[in-house]
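Chains as they are written, first to last, in full-length UniProt numbering: chain F, 1 to 330; chain H, 1 to 330.
The beta-carbon is built from N, C-alpha and C at its ideal position, and this holds for glycine as well.
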DNA sequence: CTGTTAGCGCTTTCAA
DNA sequence: TTGAAAGCGCTAACAG
């Protein structure tokens, strides 16, 4: 490799000291950096351009002991629920001119904890944890511990999901959203719920809300992973006389509807279906999917804004709104 | 903030030299690092744990002059086409235990070039550029120049899209895929094409392939952005007597189908529709969408594997396979 | 097997 | 306004 030009090289080429070169090239916005004469300044800029100089971000981070970096940890980037949130995070990061390192952690809090430790190693200024808390108390405790380490190292953490972590929290109204679906389903004779993994707090909240909204408990519970195919399979597992199904994510619901249809059941004549999240594509199913709207992109944006802005951890509720469409008779 | 513990602190706490601490904590896998006595080793590990020590990744990168980092530049993470590719990249990065910094660049080559320069500044080992080349010769030239700088700095670059950059290239068969749709549409009387922005090479390739497959040129061309709503609007813009429409992305096609339906046209009785990409959700449209399958997740995985593995830039074709479904009469 | 020490490239006082 | 020099935290020879 052609060794990367260093500030040293630029300074030399411009015939100035390395300090001067630093001031004109990477000088912080602070007033003290503008103090370079126009003549030298021009020479430095010119030399930098000629050499294709780019500051070594590591060295800068080390010297400044701060790194314009935010970590984004989410369950699965291939799921639109998460990629939409990610898109909001990226937009804000761009505004703040921060880089973002991303990782898919799955649902294991220990994996998230490990990544968070790595982020601390990178001296990231912020970390956004997107996804559900779990019922693994031990795991959650370790994650919380790691969040505290991160915060102690002057990092800002924000979580999109349930409260429970010592960090900013954006808390979608899973219970309320579930309840709205439950109320909407009142009067339907035989109700099924397609849930995600039971260890996820999100799943519990949505289920609990749903049942309280429905006003009774006789539902059939089918557990699936949060995938399209999981939803499809769940449609085979549901009782034949089901007249309404609450599927806990839009991605699952999408597969679920197809599964139902392949089984000869009609939506909504035979079965009402409702999802959760309101990702864009569910409007285009036929019939369009009734679902609970979450402002996903904004949630991502908000989470980073919060992390970067607010000093004291805040918990902020995010309203979840039932959107009734054709899949439940609209 | 509680100052982060340094290697110094750990060494002190363990009563050993900083070198020893370094060897046990961050020692490269090379044989020379295992040479620490079990006794001291244990003391160091213990001290590190007590202090919650995490190596400063910046300092490490600087000292080692290499950074286990890959950059991922794509048009729009909210689009499943890209998020699926991203998911493949993340999986491989995880295997290699590399971090990935991600950025949405839109379609402007200069934005990508700027991000690439930043990646060079971070001494990233690899960069994956996902997205179409454009017809902006000047912009592409600047991007190519930047790729060369990146490579010169010992970085590996891989591109998912068209050839044209001095890097590894994973080249989906856009022309062939388009042609397959064209052949499939032969015999349909009035054909429309919903294209993305004309400045994208991908769009040109798919269109060119389509026309050659169709065997004639009298199609109606509607240009839209690559969004769901763009597809929906395009459905209003297409001639009323259209009997077949090739929509150049699945996301657009998804909205397009709804637009057509809202306009009173039936799929496939009145209009055949085909998309491109085969993202998971299009199987669940009714009728299911005919489309051109691209192995998106694998493409992402392959791109990074290639970048990390192969020295000499290679161009690899990725087959695109027509999948006929209900939206075109299957 | 362990410790000393010279950098890695940049920022930032402190003097001049 | 400019330059000299002391680190930032860690790695990697080189000595012992």
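What's the C-alpha gap between residue 87(F) and residue 127(F)? 15 Å
Could you check whether residue 326(F) and residue 268(F) sit closer than 8 Å to each other, using their CB atoms as the reference points? yes
Taking three-plus beta-carbon pairs below 8 Å as touching, is the stretch 250-259 of chain F in contact with the stretch 280-293 of chain H? yes
Are the Cβ atoms of residue 213(F) and residue 182(F) separated by less than 8 Å? yes
Within its chain, find whatever has a CB closer than 6 Å to the CB of residue 31(H); leave out the 5 residues flanking it on each side and keep chain order. Note on residue 31(H): pLDDT 48, under 50, position unreliable in the model; no value is reported.
Going by DSSP, what residue range makes up the beta strand (DSSP E) through residue 298(H)? Counting along the chain, residue 298(H) falls outside any beta strand (DSSP E), though it belongs to the alpha helix (DSSP H) covering 296-309.
Simplified DSSP assignment, three categories, for residue 180(F): helix
Could you say which of 12(H), 150(H), 98(H) and 73(H) lies nearest to residue 40(H) if we only look at CA atoms? 12(H)
Below 8 Å, can you find three or more Cβ-Cβ pairs linking the stretch 182-197 of chain H to the stretch 153-166 of chain H? no
Could you give the DSSP three-state label for residue 36(H): helix, strand or coil? coil
Cβ atoms of residue 235(F) and residue 263(F): under 8 Å apart, would you say? yes
Given a threshold of 16 other Cβ atoms within 10 Å of its Cβ, counted over all protein chains shown, does residue 38(F) qualify as buried or as exposed? exposed
Alpha carbon of residue 205(F) to alpha carbon of residue 49(F), nearest angstrom: 56 Å
Helix, strand or coil for residue 209(F), going by three-state DSSP, please let me know. helix
Output the boundary residues of the beta strand (DSSP E) element that contains residue 77(H). Careful: residue 77(H) lies outside any beta strand (DSSP E) and carries neither H nor E.
Residue 121(F): buried (16+ other C-beta within 10 angstroms of its C-beta) or exposed? buried
Measure from the C-beta of residue 90(H) to each C-beta in chain F and report whether the shortest distance is under 8 Å. yes
Starting from residue 143(F), trace the alpha helix (DSSP H) both ways and give me its first and last residue. 137-152
Going along the chain, which residues of its own chain have a beta-carbon closer than 7 Å to the beta-carbon of residue 237(F), five neighbours each way excluded? 222
If you drop the 5 nearest sequence neighbours on each side, which residues of the same chain put their C-beta closer than 8 Å to that of residue 305(F)? 92
Taking only the alpha-carbon atoms, compute the straight-line gap between residue 330(F) and residue 274(F) and give it to the nearest angstrom. 12 Å
Between residue 192(F) and residue 151(F), how many whole angstroms is the CB-CB distance? I'm expecting something under 8 Å. Contact flag wrong, Cβ pair sits at about 42 Å.
Inter-residue Cα distance where the pair is residue 43(F) and residue 119(F): 38 Å
Do you know offhand how far residue 70(H)'s Cα is from residue 100(H)'s? 5 Å
For residue 97(F), count neighbouring Cβ atoms within 10 angstroms of its own Cβ and tell me buried if that reaches 16, exposed if not. exposed
Where residue 207(H) and residue 290(F) are concerned, what is the direct C-alpha to C-alpha distance, given to the nearest angstrom? 36 Å
What does the Cβ neighbour count give for residue 26(F), buried or exposed, with the cut at 16 atoms within 10 Å? exposed
Could you pull out every residue in the same chain whose Cβ sits closer than 7 Å to the Cβ of residue 344(H), ignoring the five residues on either side in sequence? Coverage of chain H is limited to positions 1 through 330, which leaves residue 344(H) absent and any answer about it impossible.
Give the DSSP-derived three-state secondary structure of residue 223(F) in the structure shown. strand
Straight-line CA distance for residue 16(H) to residue 22(H)? 10 Å
Could you check which residue in 90(F), 46(F) and 14(F) has the C-alpha nearest to that of residue 298(F)? 90(F)
Length of the line joining the Cα atoms of residue 149(F) and residue 113(F): 10 Å
What does the alpha-carbon distance come out to for the pair residue 171(F) and residue 277(F)? 13 Å
Nearest to residue 67(H) by alpha carbon, out of 125(H), 153(H), 56(H) and 197(H)? 125(H)
Looking at the C-beta of residue 225(F), does it have a partner C-beta in chain H at a distance below 8 Å? no
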